[in-house]
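Everything on this sheet refers to the single structure shown next.
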Amino acid sequence: MNGREQWGTRAGFILAAIGSAVGLGNIWRFPYVAYENGGGAFFFPYLFALITAGIPLLIMEFTLGHKYRALRHYLMQE
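Quick look at the structure:
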């Protein structure tokens with residue numbers, strides 16, 4: 001095992017972080033805009049789905065990634 005992968009350049013990391021933040025901002029902005037324009041009926045099912053499905057799936061993904069992080073080397077051999 002050679003260690004962890006790292007970003008090639010600092011600029012690459014900054015651009016990836018900005019892209020992630022912009023994408024995250026749009027995810028949070030859409031329900032707000034829908035609610036402000038009379039889509040309040042949409043907001044509550046969205047919030048329910050986020051709490052009951054989105055967050056548990058995110059936690060599961062993090063947990064599996066942490067547990068099987070070494071498995072990646074076996075799956076992606078050249």
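The UniProt record's numbering applies: residue 1 is where the sequence shown begins, and numbers increase by one. Backbone N, C-alpha and C fix where the C-beta goes; we use that ideal spot for every residue, glycine too.
Taking the C-alpha atoms as reference points, what is the distance between Ala41 and Ala49? Each residue's alpha carbon lies about 13 Å from the other.
Report whether the distance from the Cβ of Trp28 to the nearest heavy atom of the ligand ATP is below 7 Å. Annotation note on the ligand ATP: not contained in the displayed structure, which lists no ligands.
Can you tell me which of the three DSSP states Tyr68 falls into? Under the three-state reduction of DSSP, Tyr68 is assigned to coil, being neither helix nor strand.
Leaving aside the five residues before and after Tyr35 along the sequence, list all residues of the same chain whose C-beta is less than 8 Å from its C-beta, in chain order. Take Tyr35, set aside five residues on each side of it, and the residues of its chain with a beta-carbon closer than 8 Å to its own are Phe42 and Phe43, in chain order.
Which residues bound the alpha helix (DSSP H) around Gly40? Residues Gly40 to Ala49.
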